[in-house]
């Protein structure tokens, strides 16, 4: 036929999920749903296709360059969403007068980014989004992080496996002002600092110089990265600022939540997205080999930026790709294969009606039944049943129909039991 | 601010799901998952973005004109899938030597079609796909329909609500040959007949004439639509053909499944997609006011068409939009609101630690807890709790912390119970 193997592949960076890939994904989604629900979040969703205009208004420059955009047959400019926050902001703004605040919403959605392929990156991933909008209390930050750590815990990942690194853009702003770096240089400084770890210190310096900082300011900025605690930050500031006091409250709440062993102050956390204004955080595996497990922070202008009434909030995004790597590295056996409980087979067409009626009764009792679609030899049926991972197998021959009973074989223990065919 | 309302809308034809829209959708998805699992289907998935090339190979002409296609930043030709079957064929072909047949797979996926907006149509929808590949027995057709009717049943929709209309392209082929209509006119004839019901009989005649049939043949084709039973078809054919015997077997099996009251022979069912070759079916509401609830049929060349080894099978697609209309028309109260079980509030910052520790204990017991993020007056808290749909509400004041007990108010009955704060 002259076809090439190529045509059987998914587009580059996009994933297929074969049946053996689903149990892990389903276990992750279930952990996300449960943790979000336990924390009182309500589920919402929006279509993966968004208007390009909205994404341009809301997303940072870095993301705009990575958007899958296209025009539809009416020349509408559309795009596959790179993140959920713009859609969330749009939906909330559309009903801002009718909704009750603070609002706690979550979604599990697919997002797309066109970027170079590397370990832990695909061009699409699934993502849990937790957002609390219209709430100033730092308990909002605490609750989204608590929900995310609860999801990790239910997947078997505890304080030995990951740590949430926490800082604050407001604190960093205080520190930059203390260093006499004017406010209009701050956005570029944030972006450059966010790149550290991905690019070298030299490259970061270069970025800061290009953004207009002079060499001595660049050195002061990089010196901030030596700050190891909130106390050290307060020492530089002279006295605690509202931003540093808020961070201190945050860590105290985390302690009352019993989560102190899962958080650490880390001045290098800045986040790439433009819209964060307060506390920011990223969770990493303890050996820091992988990309961030989840991340988020406080934004003050979520709705204002797209034309709604200004309302602040806290958001958290938690992807499935790094999490799956973490679980794999840990040899986790999360996820139960989604095979049928019971296989039903039969020797010839004569026993088919009995096999059908037995299958219907079992299904009526909510048992997952794989009914053979054609007759087989007993040997063929049982070897197929063994490979399929069924819990039990029932094979109906002529004698069984005559006697009105059939043997149920437990495929795990090999035990056999007689069962009434009716 | 001069922003227009426009920017708060989803793209045309795309849906937002607010928290109040999720319970129905989740109930439908759960019914699909359960019915598929009970019938021994295994879940799979593929990315909504496919290569345009694959879709061109597999989909009929009608669909190609409705595809959302685009090029990525490397000039790859991609598209949002209009249906799942091409992706399924691709995935199976890629592992054809390793997979065991017959295979029974299902997926719940989003599909996109750019078409004129009308009742029951969006430009995206979610869809259950059931496929059995590598099986010739008509029991394959029976099992996919049984799974779909089981899903409807669990949503409260029975024989009074819908009927599966069934015919066969192979039978229609026999009839057309009997009328001396050459085989190369059959594909165009199928497409024209599929349009009946959407367009007038006159317009259908016109289509048939344009496709090259002469006027007397057009009249014979349209006369076939008067056939009301399999017996009448057999009378025209002179004797039962393999195709009519297969249909007869199908109806017999449906009877042994107890589903006779949910199926009917209907010669007008043809299906629009090019790849069907045998039995085809579409389920409609009894008053036939809505579009098809689900549809599908047998295809013989699913894998061969895209370059794999030929293998036949049966597929069924079941969308969420018409189903939701049907449930709404029936005033169905399917779906439980996804609100928290318990709201926890407190009068001042002093009671916050007690509220936190109580919430953590409740969550540990898998209770869904909405913890207030800031202090409120009792009246504000209880009025908010009433509107939120919580089952119960707990408000902590200074006296409660002092006494170590707190009142739990059941919001449905108004009953109050004392509870230990520790």
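Residue numbers (the working numbering), protein chains in the order written: chain A, 137 to 558; chain B, 137 to 558. Glycine included, every Cβ here is placed at the ideal spot set by N, Cα and C. Just so you know, these numbers come straight off a predicted model, no measurement behind them.
Judging by CA-CA distance, which residue of the options is the nearest neighbour of residue i?
i	options	result
residue 528/A	507/A, 379/A, 382/A	507/A
residue 536/A	513/A, 339/A, 482/A, 520/A	482/A
residue 296/A	412/A, 398/A, 154/A	398/A
residue 80/B	186/B, 277/B, 438/B	Because residue 80/B is not part of the residues shown, which for chain B are 137 to 558, the question remains open.
residue 322/B	332/B, 315/B, 309/B	309/B
residue 394/A	289/A, 367/A, 357/A	289/A
residue 360/B	347/B, 348/B, 332/B	332/B
residue 358/A	488/A, 311/A, 496/A	311/A
residue 227/B	250/B, 181/B, 264/B, 204/B	181/B
residue 165/A	262/A, 221/A, 542/A	262/A
residue 550/A	518/A, 540/A, 533/A, 266/A	518/A
residue 349/A	377/A, 318/A, 367/A	318/A
residue 363/A	320/A, 157/A, 302/A, 423/A	302/A
residue 420/A	284/A, 267/A, 251/A, 509/A	284/A
Report the CB separation of residue i from residue j in whole angstroms; it is logged as a contact under 8 Å.
i	j	result
residue 477/B	residue 526/B	7 Å
residue 531/B	residue 514/B	5 Å
residue 305/B	residue 416/B	6 Å
residue 409/A	residue 280/A	No, residue 409/A and residue 280/A are not in contact; Cβ-Cβ is about 15 Å, not under 8 Å.
residue 192/A	residue 442/A	Not quite, the Cβ-Cβ distance comes to about 10 Å (not below 8 Å), so this is no contact.
residue 169/A	residue 282/A	Not really, about 16 Å apart at Cβ, beyond 8 Å.
residue 292/A	residue 470/A	7 Å
residue 524/A	residue 475/A	6 Å
Rounded to whole angstroms, what is the Cα-Cα separation between residue i and residue j?
i	j	result
residue 325/A	residue 353/A	11 Å
residue 552/A	residue 178/A	47 Å
residue 239/B	residue 403/A	53 Å
residue 327/B	residue 160/B	35 Å
residue 436/B	residue 383/B	16 Å
residue 480/A	residue 455/A	40 Å
residue 287/B	residue 171/B	5 Å
residue 340/B	residue 387/B	29 Å
residue 216/B	residue 153/A	17 Å
residue 547/B	residue 522/B	7 Å
residue 444/B	residue 189/A	42 Å
residue 236/A	residue 243/A	18 Å
residue 272/B	residue 148/B	42 Å
residue 391/B	residue 473/A	33 Å
residue 380/A	residue 389/A	14 Å
residue 412/A	residue 434/A	6 Å
residue 338/A	residue 214/B	39 Å
residue 315/B	residue 365/B	18 Å
residue 278/B	residue 162/A	28 Å
residue 207/B	residue 185/B	11 Å
residue 139/A	residue 276/B	Below a pLDDT of 50, predicted positions are generally treated as unreliable, and residue 139/A, at 42, falls in that range; no measurement from the model is reported.
residue 300/B	residue 400/B	6 Å
residue 457/A	residue 494/B	34 Å
residue 396/B	residue 202/B	36 Å
residue 355/A	residue 222/A	35 Å
Strictly below 8 Å CB to CB, what residues from chain A border residue i?
i	result
residue 489/B	392
residue 174/B	499, 502, 503, 504, 505
residue 402/B	The contacting residues do not exist; residue 402/B stays about 24 Å from chain A at best.
residue 271/B	509, 510
Along chain A, which residues have their Cβ under 9 Å away from the Cβ of residue i?
i	result
residue 492/B	275, 278, 389, 392, 393
residue 204/B	185, 206, 208, 209, 214
Cβ closer than 7 Å: which chain A residues qualify as neighbours of residue i?
i	result
residue 422/B	The contacting residues do not exist; residue 422/B stays about 24 Å from chain A at best.
residue 475/B	178
residue 515/B	What residue 515/B touches in chain A: nothing, since even the nearest Cβ is about 16 Å away.
Name the two residues that bound the continuous alpha helix (DSSP H) containing residue i.
i	result
residue 359/A	351 to 359
residue 173/B	158 to 174
residue 405/B	From DSSP, residue 405/B is part of no alpha helix (DSSP H); its letter is neither H nor E.
residue 464/A	456 to 465
residue 385/B	378 to 392
residue 496/B	488 to 500
Find the residues of chain B that neighbour residue i, judging by a C-beta separation of less than 7 Å, and give them in chain order.
i	result
residue 471/A	None at all; the shortest Cβ gap to chain B is about 12 Å.
residue 483/A	None at all; the shortest Cβ gap to chain B is about 15 Å.
Please report the residue range of the beta strand (DSSP E) in which residue i lies.
i	result
residue 545/B	541 to 546
residue 146/A	Counting along the chain, residue 146/A falls outside any beta strand (DSSP E), and DSSP gives it neither H nor E.
residue 434/A	430 to 435
Please list the partners that residue i has in chain E, where partner means a Cβ-to-Cβ separation under 7 Å.
i	result
residue 364/B	Here the protein chains are A and B, and chain E is not one of them.
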